[in-house]
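Protein chains in written order, with the working numbering: chain A, 10 to 282; chain B, 233 to 509.
For glycine and all other residues, C-beta sits at the position ideal for the given N, C-alpha and C.
First up is the structure itself, then whatever we jot down about it.
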Amino acid sequence: MALAALERDRPRSVVTPLKTEAAVDLSQVCVRFTTERGTITALEGIDLKVPTGGFLTLLGPSGCGKSTLLRVVADILQPSSGTATVLGGPPAAARSRRDIGFVFQDAALLPWRTVLENVTLPLEVGGGAPKGRARDPRELLELVGLSGWEKAFPHELSGGMRQRVSIARALVSSPKLLLMDEPFGALDEITRDRLNEELLSVWERTGTTILFVTHSIYEAAFLGQQVLLLAARPGRVQELVPVDLPSPRRIAMRETPQFVSLVTRLRSVLEIC
Amino acid sequence: MANTATMGAFVDDNDAQAIYLAAKRRLLWRRRLLPVVTFLTLLVMWEVGVKIFDVKPYIAPAPSAVFQVLVTKFPMLMQNLLPTAIEAISGFLLGNLAAISIATAFAYKQSLEEAFFPIAVMVNTIPVVAKAPILVLLLGNGMEPKIAIAALICFFPTLVNMTRGLRDVNPQQLELMHVLSASPREVFVKVRLKNSLPYLFSALKIAASTAVIGAIVGEWIGSTVGIGALIIQATYSFDSPLLYATIVVGSVFSATFFGVISWMERYFLTWSAAGAR
Chain A
10 MALAALERDR PRSVVTPLKT EAAVDLSQVC VRFTTERGTI TALEGIDLKV PTGGFLTLLG
70 PSGCGKSTLL RVVADILQPS SGTATVLGGP PAAARSRRDI GFVFQDAALL PWRTVLENVT
130 LPLEVGGGAP KGRARDPREL LELVGLSGWE KAFPHELSGG MRQRVSIARA LVSSPKLLLM
190 DEPFGALDEI TRDRLNEELL SVWERTGTTI LFVTHSIYEA AFLGQQVLLL AARPGRVQEL
250 VPVDLPSPRR IAMRETPQFV SLVTRLRSVL EIC
Chain B
233 MANTATMGAF VDDNDAQAIY LAAKRRLLWR RRLLPVVTFL TLLVMWEVGV KIFDVKPYIA
293 PAPSAVFQVL VTKFPMLMQN LLPTAIEAIS GFLLGNLAAI SIATAFAYKQ SLEEAFFPIA
353 VMVNTIPVVA KAPILVLLLG NGMEPKIAIA ALICFFPTLV NMTRGLRDVN PQQLELMHVL
413 SASPREVFVK VRLKNSLPYL FSALKIAAST AVIGAIVGEW IGSTVGIGAL IIQATYSFDS
473 PLLYATIVVG SVFSATFFGV ISWMERYFLT WSAAGAR
């Protein structure tokens with residue numbers, strides 16, 4: 010299997026107790042945007058700790074600030090007030106150390122670059138990956154099941170394939186924190202299920218901390234160790250739900266009573282968001 | 233793995249493939265031949281029409297008469313094409329180079345664009361025929377004013393398109409470059425410049441034909457050589473066959489110029505869905 014390519018990575022089981030140090034630590038983070046029609050509060054008083062190596066899914070109605078939260082952590086947006094600590098320092102420091110990988114909703118591939126050139130982009134710009142952290146791009150393409158597509162251009166790929174390329178690109182500099190903004194939102198359900206399982210194996214093998222935004226209850230429950238439910242207008246934390254599902258997780262697990270009751274619980278919380 | 237579904241979708245079926253390719257070839261030939269056949273038919277109708285209605289040659293010459301002039305006066309026509317071609321190509325290069333440089337400056341400094349863009353738009357609204365005499369007064373009677381007119385006429389479409397191409401970048405691509413801590417130079421070279429190429433080439437294709445128009449219009453004012461001068465001379469001496477032959481030479485040159493740019497576009501833009509076609 011393609012995942013054998015990653016065998017050299019520290020194997021790691023989900024049930025190992027996590028380190029206490031938080032990879033992401035938000036304290037009273039507020040984000041406000043001022044427009045002609047007035048000031049919008051996208052996020053209000055967000056307190057959040059994500060443990061190192063954890064997998065947190067962010068779930069909420071549209072306009073609840075899920076993407077905004079991710080952008081604060083990635084240093085794309087500055088909080089209007091409050092502090093964000095990422096990997097022990099300010100987000101900007103983590104970003105310039107190349108500790109953050111970001112997967113965008115529409116893959117954001119550069120259409121003039123081949124698949125392989127897109128994956129190597131992080132190694133070319135901004136000083137490249139820190140010493141010893143650059144991964145073999147071909148190995149990563151194998152990991153995401155795209156061997157043989159190195160020379161293809163993005164317009165020749167399907168939506169799911171493009172998103173796999175962007176995941177390989179995010180992993181090429183071995184980030185310690187992977188931020189994913191509705192990466193599978195535009196895909197059909199079959200492809201989405203498959204990529205969900207693949208993402209979990211990537212996570213289990215790399216030990217990367219993942220923050221994953223989604224608007225699918227099933228996806229949030231299936232992927233996360235914790236599900237952060239956000240309420241809208243203003244965006245605020247509604248509830249942090251721990252997910253207690255055995256590992257490794259497989260799609261078939263979604264038929265189990267345990268999973269069904271979790272989904273029911275998440276839906277009932279979402280109804281009051 | 234997961235992608236076998238997509239990769240395994242192609243199976244070998246030589247017969248079906250052969251039928252498909254034959255049908256594709258037939259369509260391609262039809263697309264190539266139909267315009268040629270139509271064109272020749274129209275020429276014949278024109279020729280017959282001139283004969284039947286006994287149209288005077290100075291009003292509308294028969295295609296055969298135009299063709300005869302093309303053959304007998306070929307060296308003279310080429311002599312006049314040369315300066316026009318030099319003016320058009322120099323103007324094309326100068327105008328586009330200036331437009332690309334200024335668009336680059338605009339992309340780096342928004343305030344520059346705010347300062348100069350409205351002026352550029354205003355200058356662009358002056359018709360070429362009005363700009364031409366001013367430039368002849370400024371630059372004398374040689375090739376310079378013609379080059380300047382050709383350059384000016386190329387300048388605006390390229391400036392507008394290039395500025396748009398450098399600006400209209402997918403915001404997520406810019407966020408990506410930010411997350412990768414890319415320098416402004418890297419963002420420009422690796423994202424903005426590449427993004428502007430399709431915009432640039434559509435402007436260059438317009439410029440290729442308008443540069444020739446600019447050079448010809450420039451030659452209308454106090455020039456003794458060139459396609460433009462020949463058009464004026466042939467008109468004043470009611471030498472319609474020569475006038476038509478001159479126009480044919482000018483159009484063929486213009487079309488060739490356009491063709492070269494289109495070929496370059498396909499060569500440089502293999503990555504875009506439009507360029508790959």
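Interface positions of the segment 394–409 of chain B facing chain A (Cβ-Cβ less than 8 Å), listed along the chain:
Taking 8 Å as the Cβ-Cβ cut-off against chain A, the residues of the segment 394–409 of chain B that qualify are N402, Q404, Q405, E407, L408 and M409.
With 9 Å as the limit, tell me which residues of the segment 129–158 of chain A have their beta carbon closer than that to any beta carbon of chain B; keep them in chain order.
L130, P131, E133, V134, G135, G136, E151, V153, G154, L155, S156, G157 and W158
Please go through the same chain and pick out, in chain order, the residues whose beta-carbon is closer than 7 Å to the beta-carbon of S89/A, but skip the five residues on each side of it.
C39, V40 and R41
Own chain, CB closer than 8 Å to F113/A, minus 5 neighbours either side, in chain order
S175, D190 and P192
Any chain B beta carbon closer than 8 Å to A93/A
no
Buried versus exposed call for D84/A [16 or more other C-beta atoms within 10 Å across all chains shown]
buried
Buried or exposed for Y476/B, please, with buried defined as at least 16 other CB atoms from any protein chain shown within 10 angstroms of its CB.
buried
Quick check on F111/A - is its C-beta less than 8 Å from some C-beta in chain B?
So yes, F111/A belongs to the interface.
Would S434/B count as contacting chain A if we go by Cβ distances under 8 Å?
No, because no Cβ of chain A sits closer than 8 Å to the Cβ of S434/B.
Which residues mark the beginning and the end of the beta strand (DSSP E) in which T265/A is found?
Where T265/A is concerned, there is no enclosing beta strand (DSSP E), given that its DSSP letter is neither H nor E.
Tell me whether the segment 380–398 of chain B and the segment 438–449 of chain B touch, counting them as touching only if at least three CB pairs, one residue from each stretch, are closer than 8 Å.
yes
Could you name the residues that DSSP lists as bridge partners for L52/A?
V40/A and G244/A.
Are the C-beta of E418/B and some C-beta of chain A separated by less than 8 Å?
yes
Is there a Cβ of chain B sitting closer than 8 Å to that of F193/A, yes or no?
F193/A does not count as touching chain B.
Shortest alpha-carbon distance to V181/A belongs to which of G137/A, G169/A and P266/A?
Residue nearest to V181/A within the set G137/A, G169/A and P266/A is G137/A (criterion: CA-CA distance).
Thinking G168/A and L196/A are a contact (beta carbons under 8 Å), I'd like their distance in whole angstroms, please.
6 Å
Can you check whether the CB of G74/A is closer than 8 Å to the CB of L239/A?
yes
Taking only beta-carbon atoms, is S105/A less than 8 Å away from chain B?
yes
Cβ separation of M409/B and V419/B, assumed to be a contact under 8 Å, to the nearest whole Å
5 Å
By how many angstroms is the C-alpha of L130/A removed from the C-alpha of D148/A?
Per the sequence shown, residue 148/A should be read as Glu rather than Asp. E148/A and L130/A: Cα-Cα distance of roughly 15 Å.
Is it right to say Q311/B is buried, meaning 16 or more other beta carbons lie within 10 angstroms of its own, or is it exposed?
Under this definition Q311/B is an exposed residue.
Nearest to S504/B by CA position, among E319/B, Y431/B and V361/B, is which residue?
Y431/B
Using a Cβ-Cβ distance cut-off of 8 Å, determine whether G327/B contacts chain A.
no
Does the segment 120–127 of chain A touch the segment 91–102 of chain A, meaning 3 or more C-beta pairs lie closer than 8 Å?
no
Could you check how far apart the C-beta atoms of G63/A and Q234/A are, in whole angstroms? I think they sit under 8 Å.
Taking the Cβ atoms as the reference, G63/A lies roughly 6 Å from Q234/A, within the contact range of under 8 Å.
Any beta-carbon of chain A closer than 8 Å to the one on A339/B?
no
Would you please verify whether the beta carbon of P120/A is less than 8 Å from any beta carbon of chain B?
yes
Using the Cα positions of Q465/B and S455/B, report the straight-line distance between them to the nearest angstrom.
Whole-angstrom Cα-Cα distance: 10 Å.
Output the boundary residues of the alpha helix (DSSP H) element that contains L266/B.
N246 to I284
Can you pull the DSSP bridge partners for L35/A?
In the DSSP assignment, L35/A forms a beta bridge with L57/A and A93/A.
Use the C-beta contact count for R264/B: other C-beta atoms within 10 angstroms, 16 or more gives buried, fewer gives exposed.
exposed
Starting from V287/B and walking both ways along the beta strand (DSSP E), at which residues does that stretch end?
It is not in any beta strand (DSSP E) - V287/B carries neither H nor E in the DSSP assignment.
Give the secondary structure of A195/A by DSSP, where H, G and I count as helix, E and B as strand, and everything else as coil.
coil
Look up M308/B in the DSSP assignment and say whether it is helix, strand or coil.
helix
Neighbour-count burial assignment, V282/B, 16 or more Cβ in a 10 Å radius
buried
Name the chain B residues whose beta carbon is nearer than 8 Å to that of I85/A?
Residues of chain B passing the Cβ test: E407, H410 and V411.
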